[in-house]
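Notes for the one structure printed next.
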Amino acid sequence: MIRQRHWPVMLLLALLAALSGWVYRQATQPVSPETAPTVRHPDAYATRARLSGYTPDGRLEYRLWAERMEHFPGDDSTELQRPYAELYRIDAPPWRISAHHGWVASQGDEIRLRGEVEIQRDGSPANRPVTAWSDSLDLWPGRDYAATDDKITYISDDLRVEAVGMRARLDTGELELLSGVRGVHTPARTTR
Numbered sequence: 027m028i029r030q031r032h033w034p035v036m037l038l039l040a041l042l043a044a045l046s047g048w049v050y051r052q053a054t055q056p057v058s059p060e061t062a063p064t065v066r067h068p069d070a071y072a073t074r075a076r077l078s079g080y081t082p083d084g085r086l087e088y089r090l091w092a093e094r095m096e097h098f099p100g101d102d103s104t105e106l107q108r109p110y111a112e113l114y115r116i117d118a119p120p121w122r123i124s125a126h127h128g129w130v131a132s133q134g135d136e137i138r139l140r141g142e143v144e145i146q147r148d149g150s151p152a153n154r155p156v157t158a159w160s161d162s163l164d165l166w167p168g169r170d171y172a173a174t175d176d177k178i179t180y181i182s183d184d185l186r187v188e189a190v191g192m193r194a195r196l197d198t199g200e201l202e203l204l205s206g207v208r209g210v211h212t213p214a215r216t217t218r
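If you count the sequence shown from 1, position 133 lands on 159 in our numbering, and the numbers rise without skipping.
Next comes the structure, spelled out in structure tokens:
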């Protein structure tokens, strides 16, 4: 017969045996595809690549350059190193965008740019020149829409604005700054 003072030791040994059995079963179970670690390997790559996209009526819509592009078959996405893009508009100068690296969704309908993102558009009679910087920018080219949740600095002529977060309509030039907005307007000097 087991004495009462041995019960805690016996209980501890039983728990350890059960725990070691559970650990053994976990370690010897085959890994299922759902729990297997995913390793991404490109199926194609290009260096110093250039792509052009056209509208259905044949008008140049964009040009994209990158030091390196890698295509991944698993999700049909493309990763970019040092991308530079020009987005063309009918009645306005093109938007020029560069970044340290980027990602393009399978259909090209979403582009994520990261690291030292710079956005520029020259001025025209109908549009003020624009230069902006951020750490990230997400683009939806088919919707002419861009957004970031990071800090952004925006300069246009005599206006400098800093904010956290931005939503922009590239076709109309509408810009929504989300929070922490600070701006400085420096009027042009007039001579008399």
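Even for Gly, the Cβ is constructed at its ideal location relative to N, Cα and C.
- When beta bridges are read from the DSSP output, histidine 97 appears opposite Ala70, Thr104.
- Under a 10 Å Cβ-count criterion, glutamate 142 is classified as exposed, with fewer than 16 other Cβ atoms of the shown protein chains found around its own Cβ.
- Counting every other CB atom within 10 Å of its CB across the protein chains shown gives valine 210 a total below 16, marking it as exposed.
- In the three-state scheme derived from DSSP, where H, G and I count as helix and E and B as strand, glycine 168 is classed as helix.
- When Arg140, Gly128, Glu96, Glu87 are compared, the shortest CA-CA separation from aspartate 176 is found for Arg140.
- The Cβ atoms of alanine 158 and leucine 165 do not sit closer than 8 Å to each other.
- Minimum Cα-Cα distance from proline 119 among the listed residues Arg89, Arg147, Ile181 corresponds to Arg147.
- Excluding its 5 nearest sequence neighbours in each direction, methionine 192 has C-beta neighbours in its own chain below 6 Å: Thr174, Ile178, Leu203, listed in chain order.
- Residue environment for alanine 70: exposed (fewer than 16 other C-beta atoms within 10 angstroms of its C-beta).
- Between aspartate 170 and alanine 214, the C-beta gap is not smaller than 8 Å, which leaves the two residues out of contact.
- Contact between methionine 95 and alanine 75 holds: their C-beta atoms lie close to 5 Å from each other, under 8 Å.
- Unbroken alpha helix (DSSP H) stretches of 4 residues or longer found wholly inside the stretch 125-154: none.
- Glycine 199 sits in coil when the DSSP states are folded into three classes, being neither helix nor strand.
- With 16 or more neighbouring CB atoms inside 10 Å of its own CB, tyrosine 88 falls in the buried class.
- If you draw a straight line from the Cα of leucine 106 to the Cα of glycine 128, it comes to about 5 Å.
- When the Cα atoms are used, alanine 125 and glutamate 200 turn out to be separated by approximately 22 Å.
- In the same chain as isoleucine 145, and ignoring 5 residues on each side of it, the C-beta atoms closer than 6 Å to its own belong to Ile123, Ala158, in chain order.
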